[in-house]
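In what follows, a single structure is set out as structure tokens and then discussed.
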């Protein structure tokens, strides 16, 4: 699939079919994720693929942002300890979030190109998730990506026109000929 | 360009030709950026396209991570005030970073598909950049993306094998048949 088609066509899916996600597809998402850029090439990311349906039920209960019955979720974590060693506080507190978010965006686009639906969940209980998935100290859950076969077709959500969010050279200066 | 090709082929470019970037291409990058997912559809992003070469020289001086002579940079900022109003502290302190990083990843992939090179700069003086670009309170610079026509071909940097960064169901549990 064309990259612009993927970027524009991807939606956040909240209704899924009761059909498992093939592990070969999961591997392609993970492979896409790790090719995101990484500040200082730290690659602070770790991925926990949650396939077990009982475990997923509990994850859902502690994640207010988790909608629908997706058969799979991928928890993207950052290795804060490693990021701190290589990149100091900027590495630990900022680059980890950016790197994981960019890895997630790759996963979303890859999933869409493979016919899968995804939704990023940022609202979940860190404490509960860490205990549930046996995540040690120094590793921090960042984003939860739910994955499945979509059971809905969505219209694109509204987007702010470019002429309201783009400036030229300095804040407030008009970038010419942008759509209104 | 195929989405997987873009994801795997994109590199961080640090040598650029002395050739301006057409504004029509810049618009395509900005359009790609704003189709990133956004928590609560806040769309906290703002983009300052820095084209002025004298301004860019100063930006470069206050950005230790800025290499090469790219003719253009796009500063991605977040509207912290708006994000706080809609999403509280999670919105202001976390979602803004994630959303801007995902928007940046879209830009990087779009640029690569259009034959442009990019590099994300995370290390710059926030104070100096805010003053230089007249960025008001409540708006925070997140990531600086330098853009130009690439003047180097790079091999992919090493990537950690998937079997070292992927787990199944719980931290430490092996996901079968991953490349070593």
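Chains as they are written, first to last, in our numbering: chain A, 1253 to 1432; chain B, 1253 to 1432.
Every residue, glycine too, gets a C-beta built ideally from N, C-alpha and C.
Which of the three DSSP states is assigned to residue i in this structure?
i: residue 1259(A); result: helix
i: residue 1293(A); result: helix
i: residue 1454(B); result: Examination of residue 1454(B) is not possible in this model, given that chain B is present from 1253 through 1432 alone.
i: residue 1305(A); result: helix
i: residue 1381(B); result: helix
i: residue 1418(B); result: strand
i: residue 1298(B); result: strand
i: residue 1274(B); result: coil
i: residue 1313(A); result: helix
i: residue 1337(A); result: helix
i: residue 1433(B); result: With chain B covering only 1253 through 1432, there is no way to say anything about residue 1433(B).
i: residue 1281(B); result: helix
i: residue 1286(B); result: coil
i: residue 1346(B); result: helix
i: residue 1364(A); result: helix
i: residue 1355(A); result: helix
Below 8 Å on the Cβ atoms is my contact criterion, and I expect residue i with residue j to pass it. Report the Cβ-Cβ distance as a whole number of Å.
i: residue 1315(A); j: residue 1396(A); result: 6 Å
i: residue 1296(A); j: residue 1335(A); result: 4 Å
i: residue 1362(A); j: residue 1255(B); result: 7 Å
i: residue 1301(A); j: residue 1311(B); result: Not really, about 41 Å apart at Cβ, beyond 8 Å.
i: residue 1365(A); j: residue 1253(A); result: 4 Å
i: residue 1324(A); j: residue 1400(A); result: 6 Å
i: residue 1354(B); j: residue 1354(A); result: 7 Å
i: residue 1373(B); j: residue 1317(B); result: 4 Å
i: residue 1259(B); j: residue 1284(A); result: 5 Å
i: residue 1403(B); j: residue 1267(B); result: 4 Å
i: residue 1394(A); j: residue 1330(A); result: 5 Å
Please confirm if residue i has its CB atom under 8 Å from at least one CB of chain D.
i: residue 1254(B); result: No chain D is present in this structure, whose protein chains are A and B.
Taking only the alpha-carbon atoms, compute the straight-line gap between residue i and residue j and give it to the nearest angstrom.
i: residue 1431(B); j: residue 1352(A); result: 21 Å
i: residue 1261(A); j: residue 1408(A); result: 8 Å
i: residue 1350(A); j: residue 1291(A); result: 9 Å
i: residue 1424(B); j: residue 1412(B); result: 16 Å
i: residue 1377(B); j: residue 1390(B); result: 17 Å
i: residue 1380(B); j: residue 1326(A); result: 39 Å
i: residue 1357(A); j: residue 1384(B); result: 31 Å
i: residue 1263(B); j: residue 1299(B); result: 22 Å
i: residue 1257(B); j: residue 1265(B); result: 17 Å
i: residue 1382(A); j: residue 1392(A); result: 8 Å
i: residue 1289(A); j: residue 1348(B); result: 19 Å
i: residue 1341(A); j: residue 1319(B); result: 22 Å
i: residue 1281(B); j: residue 1308(B); result: 19 Å
i: residue 1420(B); j: residue 1269(B); result: 45 Å
i: residue 1427(B); j: residue 1332(A); result: 22 Å
i: residue 1370(A); j: residue 1410(B); result: 28 Å
i: residue 1406(B); j: residue 1368(B); result: 14 Å
i: residue 1303(A); j: residue 1337(B); result: 36 Å
i: residue 1346(B); j: residue 1274(B); result: 33 Å
i: residue 1286(B); j: residue 1398(A); result: 22 Å
i: residue 1448(A); j: residue 1429(B); result: For residue 1448(A) there is no data in the structure shown, the boundaries of chain A being 1253 and 1432.
i: residue 1375(B); j: residue 1414(B); result: 28 Å
i: residue 1422(A); j: residue 1272(A); result: 49 Å
i: residue 1279(A); j: residue 1388(B); result: 44 Å
Have a look at the DSSP bridge pairing and note the partners of residue i.
i: residue 1396(A); result: 1327(A), 1373(A)
i: residue 1254(A); result: 1254(B)
i: residue 1268(A); result: 1402(A)
i: residue 1391(B); result: 1331(B)
i: residue 1426(A); result: 1419(A)
Sorry if obvious, but does the Cβ on residue i come closer than 7 Å to a heavy atom of the ligand GTP?
i: residue 1359(B); result: Among the components modelled here there is no ligand, and therefore nothing to report on the ligand GTP.
Any C-beta of chain B within less than 9 Å: which residues of the stretch 1389-1409 of chain A qualify? Cβ contacts with chain B: 1391, 1394, 1395, 1408, 1409.
Contacting positions in the stretch 1295-1322 of chain A - beta carbon closer than 7 Å to chain B: From the stretch 1295-1322 of chain A, only 1295, 1297, 1298, 1299, 1300, 1301, 1302, 1303, 1304, 1307 have a Cβ closer than 7 Å to chain B.
Give me the subset of the stretch 1410-1426 of chain B whose CB atoms are less than 7 Å from a CB atom of chain A, sorted by chain position. Interface annotation for the stretch 1410-1426 of chain B against chain A: 1411, 1412, 1414, 1417, 1418, 1419, 1420, 1421, 1422, 1423, 1424, criterion Cβ-Cβ distance under 7 Å.
Residues of the stretch 1350-1361 of chain A with Cβ closer than 9 Å to any Cβ of chain B, in chain order: Across the stretch 1350-1361 of chain A, CB contacts with chain B closer than 9 Å involve 1350, 1351, 1352, 1353, 1354, 1355, 1356, 1357, 1358, 1360, 1361, in sequence order along the chain.
Would you list, in chain order, the members of the stretch 1258-1275 of chain B that have their beta-carbon closer than 7 Å to a beta-carbon of chain A? Listed in sequence order: 1258, 1259, 1260, 1264.
Short-range partners of chain A found in the stretch 1325-1340 of chain B, where Cβ spacing is below 7 Å: If the cut-off is 7 Å between Cβ atoms, the stretch 1325-1340 of chain B has nothing near chain A.
Below 7 Å between beta carbons is the criterion; list the residues of the stretch 1376-1388 of chain A that meet it against any residue of chain B, in chain order. For the stretch 1376-1388 of chain A, the residues whose beta carbon sits under 7 Å from a beta carbon of chain B are, in order, 1385, 1386, 1387, 1388.
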